[in-house]
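**Student:** Just so it is clear: in the sequence shown, position 125 is 553 by the numbering used here, and no numbers are missing.
Beta carbons: idealized from backbone N, C-alpha and C, even for Gly.
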Amino acid sequence: MNLVEEINKLKKEKNAIILTHCYQNIEIDEVSDFVGDSLYLSKMASKTDADIIVFAGVYFMAQSAKLLSPNKKVLLPNMNSGCLMADMIDVDNVKLFKSQHPNIPLVCYINSTAEVKANCDICCTSSNAVEIVKNLNSKKVLFAPDTYLGKWVESKLDGVEVITFNGFCPTHLRIRPEDIEKARKNYPQALILAHPECHFEVSKSADFVGSTKEIMEFAKQSDKKQFVIATEKGVVDRLNRDSKLYNWNKEFILINENIICPNMKHNTLQDIYNTLETENNEITIDENTADKARESINKMLLAGSRN
Ligand code: 13P
Ligand code: SF4
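#1: Give me the DSSP bridge partner(s) of K501.
#2: Checking the sheet assignment: what are the DSSP bridge partners for A622?
#3: Given 8 Å as the limit, is there contact between the region 608-616 and the region 582-592, that is, 3 or more CB pairs closer than that?
#4: Among A718, A618 and H694, which one has its Cα closest to the Cα of M507?
#5: In chain order, what residues of the same chain lie with their CB nearer than 6 Å to the CB of T476, ignoring the 5 residues before and after it?
#6: So, helix, strand or coil for K584, using DSSP?
#7: List the whole-angstrom C-beta distance separating L512 from F483, where the pair is believed to meet the contact cut-off of C-beta under 8 Å.
#8: Thinking K567 and L585 are a contact (beta carbons under 8 Å), I'd like their distance in whole angstroms, please.
#9: In or out: M489 buried (at least 16 other Cβ within 10 Å) or exposed?
#10: For V558, which residues does DSSP report across the bridge?
#11: So which of F680, N708 and S631 has the shortest CA-CA distance to D665?
#12: Could you work out which residue in L729, S724 and I657 is closest to L682 when comparing CA atoms only?
#13: Suppose you measure from the CA of A557 to the CA of L704; what does that come to, to the nearest Å?
#14: Shortest alpha-carbon distance to D515 belongs to which of K526, E543, L469 and S724?
#15: Would you mind giving the Cβ-Cβ distance between A718 and L495, rounded to the nearest angstrom? I have them listed as a contact below 8 Å.
#16: Closer than 8 Å is the cut-off here; do at least three beta carbon pairs connect the region 522-537 with the region 570-581?
#17: According to DSSP, is D574 part of a helix, a strand, or is it coil?
#18: Starting from the Cα of S527, find the closest Cα among S540, N547, S509 and A647 and give me that residue.
#19: Smallest Cα separation from K727: which of D518, L564, E455 and N499?
#20: Check whether the region 432-442 touches the region 672-679, taking contact to mean three or more Cβ pairs, one atom from each stretch, closer than 8 Å.
#21: Please go through the same chain and pick out, in chain order, the residues whose beta-carbon is closer than 8 Å to the beta-carbon of N735, but skip the five residues on each side of it.
#22: Using a Cβ-Cβ cutoff of less than 8 Å, which residues in the same chain neighbour F628 once the five nearest sequence positions on both sides are dropped?
#23: Go ahead and label T640 buried or exposed: buried means 16 or more other beta carbons lie within 10 angstroms of its beta carbon, across all protein chains shown.
#24: Specify the secondary structure class of E589 as computed by DSSP and reduced to three states.
#25: Rounded to whole angstroms, what's the CA-CA distance from V502 to P616? Just pull it up for me.
#26: So I454 packs on R669, CB below 8 Å; how close in whole Å?
#27: Going along the chain, which residues of its own chain have a beta-carbon closer than 7 Å to the beta-carbon of E723, five neighbours each way excluded?
#28: To the nearest angstrom, report how far apart C597 and G638 are at their CA atoms.
#29: Please report how far the alpha carbon of Y701 lies from the alpha carbon of M472, in whole angstroms.
Pasting the structure below:
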């Protein structure tokens, strides 16, 4: 069976689209309608007129798509696709965090469950976190779950204290400040591009810090020829593929060979075919939670569209 052909056939028959995060196994791009970061994929989920959304990503991303398209069927190809960072915080932790710092707005990173989003003031992604926190016009802001993204945001804003929950991404924390030093020595001509989930010392010494999609766009438009990438391998695979395909003549090097998010790699073409055919693995969210969580995502999208 040619899985790509069969998936494309099913997509047509069922009026389905496939949204794919850029950490996914690269062969999934062959059947994808949109590939990008969390913000871009959320926007695509809110705009589509498809009946079914297959989300090739992790659970919180599929949940966000369901929040933004409540009347559509949202399917996650492999239910083992969780996010270790999102699992570090639950509603009880959120309540405790808020009670320890009363009357301070809470921004929650999109890498969190719908229940956590339902208990925060506004959501953000890695590409709009600075702007979202800035627009709150508050001297103090609570930020959960990613302590490193929170501290990165604080470093970009004058006079704002960002009080962070102590969550983190185990994959990005495998990138150590020594990796940056080594990369500078081994590739002196290269630019180092990092994701803000990295350790603050890593982000601070990179040449560019941005979301997965921002890193890819920066690399594409840059006139430099060599780049060391401090985020998950899927980004490097796509950049090297595009460099070959479109003759960019650029080289992309993964900062350290262990930067692979195991959860992001669960989804396969076979899983996508199975879930499209059976319509199993549907995402459901109880209505009360969904209404509140949707509000925090919609506030984020609205704040972004004002600029
Ligand atoms: P992006 O929004 O930058 O794609 O980040 C998602 C993510 O999970 C990074 O680890
Ligand atoms: Fe979660 Fe980290 Fe994987 Fe992103 S890379 S999905 S934050 S575990």
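**Tutor:** From the atom records:
#1: Counted from its first residue, the sequence shown places residue 501 at position 73. Answer is I480.
#2: The residue labelled residue 622 in the question sits at position 194 within the sequence shown. A622 pairs with V637 and A658.
#3: no
#4: Mapped onto the sequence shown, residue 507 falls at position 79. Among A718, A618 and H694, the Cα nearest to that of M507 belongs to H694.
#5: Within the sequence shown, residue 476 is the residue found at index 48, counting from 1. Around T476: I445.
#6: The sequence position of residue 584 within the sequence shown is 156, counting from 1. Helix, per DSSP.
#7: Translated into the one-based positions of the sequence shown, residue 512 becomes position 84. Translated into the one-based positions of the sequence shown, residue 483 becomes position 55. Not confirmed; about 18 Å, so no contact.
#8: If you number the sequence shown from 1, residue 567 lands on position 139. If you number the sequence shown from 1, residue 585 lands on position 157. About 10 Å; that fails the 8 Å criterion.
#9: Numbered from 1 along the sequence shown, position 61 holds the residue referred to as residue 489. Result: buried.
#10: Taking the sequence shown and counting its residues from 1, one reaches residue 558 at position 130. According to DSSP, which records beta bridges pairwise, V558 is partnered with nothing at all.
#11: Sequence index remark: in the sequence shown, residue 665 carries index 237 (1-based). The residue with the shortest Cα to Cα distance from D665 is F680.
#12: Here residue 682 corresponds to residue number 254 of the sequence shown, with the count starting at 1. Per the Cα distances, I657.
#13: Locating residue 557 in the sequence shown gives position 129, where the first residue counts as 1. Locating residue 704 in the sequence shown gives position 276, where the first residue counts as 1. Their Cα atoms are separated by approximately 33 Å.
#14: If you number the sequence shown from 1, residue 515 lands on position 87. Of the candidates K526, E543, L469 and S724, the one whose C-alpha sits nearest the C-alpha of D515 is E543.
#15: The sequence position of residue 718 within the sequence shown is 290, counting from 1. The sequence position of residue 495 within the sequence shown is 67, counting from 1. Rounded, the Cβ-Cβ distance is 6 Å, consistent with contact.
#16: yes
#17: In the sequence shown, counting from the first residue as 1, residue 574 sits at position 146. DSSP places D574 in strand when its eight states are reduced to three.
#18: As a first step, residue 527 must be located in the sequence shown, where it is residue number 99. Measuring from the Cα of S527, the nearest candidate turns out to be N547.
#19: If you number the sequence shown from 1, residue 727 lands on position 299. Among D518, L564, E455 and N499, the Cα nearest to that of K727 is on L564.
#20: no
#21: Residue 735 sits at position 307 when you count from the first residue of the sequence shown. Any reading at N735 needs caution, since the residue's pLDDT is 45, under 50, leaving its predicted position unreliable; the model's value is listed next. Within the same chain, N735 has close Cβ partners E559.
#22: As a first step, residue 628 must be located in the sequence shown, where it is residue number 200. Taken in chain order, the residues that qualify are Y576, K579, W580 and S583.
#23: By one-based count along the sequence shown, residue 640 stands at place 212. So T640 counts as buried.
#24: One-based indexing of the sequence shown puts residue 589 at position 161. It is a strand residue.
#25: Locating residue 502 in the sequence shown gives position 74, where the first residue counts as 1. Locating residue 616 in the sequence shown gives position 188, where the first residue counts as 1. So the two alpha carbons sit approximately 45 Å from each other.
#26: Sequence index remark: in the sequence shown, residue 454 carries index 26 (1-based). Sequence index remark: in the sequence shown, residue 669 carries index 241 (1-based). Going by Cβ atoms, the distance from I454 to R669 rounds to 7 Å, so yes, they are a contact pair.
#27: Locating residue 723 in the sequence shown gives position 295, where the first residue counts as 1. Same-chain partners within the cutoff: there are none.
#28: Position 169 of the sequence shown, counting from 1, holds the residue named residue 597. Position 210 of the sequence shown, counting from 1, holds the residue named residue 638. Distance between the alpha carbons of C597 and G638 is about 15 Å.
#29: As a first step, residue 701 is located in the sequence shown; it is residue number 273 there, counting from the start. As a first step, residue 472 is located in the sequence shown; it is residue number 44 there, counting from the start. Rounded to whole angstroms, Y701 to M472 spans 21 Å at the Cα level.
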